[in-house]
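Contents: one structure, followed by commentary.
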Amino acid sequence: MHLLVTGGAGFIGSVVADQLLQAGHRVTVFDSLIKGYRAAVPSGATFVRGEIHDRSALEALMTAGKFDGILHFAAFIEAGESMREPGRYFQNNVAGSLTLIETAVAHGISRFVFSSTAAVYASKDAPLTEADPIAPANAYGATKLMVEQILDWYARLKGLRYAALRYFNACGATPGRGEAHRPETHLIPLVLQVALGQRSHVEIFGADYPTPDGTCIRDYIHVADLAQAHLLALAALDQHPRLILNLGNGAGYSVRQVIEAARQVTGLRLPAVEKPRRPGDAAILVADAGAARRLLGWQPRITDLHEIIASAWEWHRTHPHGYVAAS
Ligand code: UDP
2 MHLLVTGGAG FIGSVVADQL LQAGHRVTVF DSLIKGYRAA VPSGATFVRG
52 EIHDRSALEA LMTAGKFDGI LHFAAFIEAG ESMREPGRYF QNNVAGSLTL
102 IETAVAHGIS RFVFSSTAAV YASKDAPLTE ADPIAPANAY GATKLMVEQI
152 LDWYARLKGL RYAALRYFNA CGATPGRGEA HRPETHLIPL VLQVALGQRS
202 HVEIFGADYP TPDGTCIRDY IHVADLAQAH LLALAALDQH PRLILNLGNG
252 AGYSVRQVIE AARQVTGLRL PAVEKPRRPG DAAILVADAG AARRLLGWQP
302 RITDLHEIIA SAWEWHRTHP HGYVAAS
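Here the working numbering is used: the first residue of the sequence shown is 2, the next is one more, and so on.
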């Protein structure tokens, strides 16, 4: 298939683009490079720089290349930032996605795989299934939920086949690709920046949550496993026109446990300092990904937190400045 990967210069999108190429697909990456890196785009992919809200750029792209499907990653993704600047999130994530979907449907593209999030759910102290209550704690999660709803209307009205994949906490690295957000706000890369001596300490955002050690609990899923589910979902759209699936390991780790695991992996002390809560954080988000396993035959392979952090550490050690030196 010829596949359009928006956000294919970003962390998850670039790993998916790489796996698609390895599976024999043709890939075009469309990315603004506001958050992504040109150096993350696999060399076998065609690269087009552009914004998802630029209808004429999308028209030109979809007229020039006949796409069999779209995998849509391009988005702003920081929960904390979305609580300070909601307008940017609604504009980019919702309005931009609507433009992309509308243009895709006008061009007869019928397969759409969407990068959604566990942030659509309310906090729960047990694994979340897709049937659990939807109640985003932050504007970021709300934007992803709105795009899921838009996709559902296009499925009903225009025959679009879609998969909304609700990621829990993507992390880890593949040999060529790792997590390098700018600015970095994610826990594991921040801890590893302490290990690299680039930060004096890691901050723990809230030690008064209703969890055993008082810090938030998340489900950390390796980016290669997450990416694999996209290829399976894309193929499954032929049998299942509408897929809404959680992608996680089903194991929850607190912020303190993640920091402790990083200490063990790196052999370093990694100072941590308690800070107030970050607005918009749910206390506990852990996946029940049974539906993805059953429907897609998905089987995450790197499920041990230490192994996940070790893969990230390997990438950060060998790319201490992320992609910057390579760009
Ligand atoms: N977190 C933290 N310190 C940091 C960054 C994150 O304590 O410097 C916490 C954050 O509050 C959340 C968890 O770590 O409970 C995971 O946050 P991250 O931003 O990595 O992912 P999110 O869960 O927001 O998608």
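The beta-carbon is built from N, C-alpha and C at its ideal position, and this holds for glycine as well.
Please read these numbers as outputs of a predicted model, since none were measured by experiment.
**OP:** To the nearest angstrom, report how far apart L197 and P213 are at their CA atoms.
**Re:** Taking the first residue of the sequence shown as 1, we reach residue 197 at position 196. Taking the first residue of the sequence shown as 1, we reach residue 213 at position 212. Cα-Cα distance, rounded: 29 Å.
Original post:
Does any heavy atom of ligand 1 sit closer than 7 Å to the C-beta of N170?
Top reply: On the sequence shown, residue 170 is found 169 positions in, with the first residue counted as 1. Within the cutoff, so yes.
Original post:
What are the start and end residues of each continuous beta strand (DSSP E) run of 3 or more residues lying completely inside the stretch 110-167, in chain order?
Top reply: 112-118
Original post:
Which residue comes first and which comes last in the beta strand (DSSP E) that contains L72?
Top reply: Start at 1 with the first residue of the sequence shown, and residue 72 comes out as number 71. Looking at the DSSP string, the run of the beta strand (DSSP E) that includes L72 is G70 to H73.
**OP:** May I have the straight-line CA-CA distance separating A327 from A181, to the nearest angstrom?
**Re:** Residue 327 sits at position 326 when you count from the first residue of the sequence shown. Residue 181 sits at position 180 when you count from the first residue of the sequence shown. Note that A327 scores a pLDDT of 46, beneath 50, so its modelled location is shaky; the value from the coordinates is reported in the next line. Distance between the alpha carbons of A327 and A181: 12 Å.
Subject >> Residue burial classification, S57 (beta-carbon count within 10 angstroms, cutoff 16) >> reply: What you label residue 57 is simply residue 56 of the sequence shown in a count that begins at 1. Classification for S57: exposed.
**OP:** Output the residues surrounding ligand 1, defined as those with a CB atom closer than 6 Å to any ligand heavy atom, in chain order.
**Re:** A80, N170, T186, H187, L188, L191, V203, E204, I205, F206, C217, R219, V256, R279 and D282
**OP:** Identify the continuous alpha helix (DSSP H) that holds H3 and give its terminal residues.
**Re:** Reading the sequence shown from its first residue, position 2 is the one you call residue 3. Careful: H3 lies outside any alpha helix (DSSP H), inside the beta strand (DSSP E) at H3 to T7.
Subject >> Residue nearest to G179 in terms of C-alpha spacing, selected from L193, S124, R167 and L99 >> reply: Here residue 179 refers to the residue found at position 178 when the sequence shown is read from its first residue. Of L193, S124, R167 and L99, the residue nearest in Cα terms is L193.
Original post:
Whole beta strand (DSSP E) runs in the stretch 15-96 with 3 or more residues, listed along the chain?
Top reply: 27-32, 47-50 and 70-73
Original post:
In three-state DSSP terms, what is V287?
Top reply: Within the sequence shown, residue 287 is the residue found at index 286, counting from 1. Residue state, collapsed to three classes: coil.
**OP:** Check the DSSP bridge columns for Y324 and list the partner residues they point to.
**Re:** Locating residue 324 in the sequence shown gives position 323, where the first residue counts as 1. In the DSSP output, where bridge partners are listed per residue, Y324 has none listed.
**OP:** Name the two residues that bound the continuous alpha helix (DSSP H) containing E261.
**Re:** For the purposes of this step, residue 261 is taken as residue 260 along the sequence shown, with counting starting at 1. Note, E261: alpha helix (DSSP H), V256 to T267.
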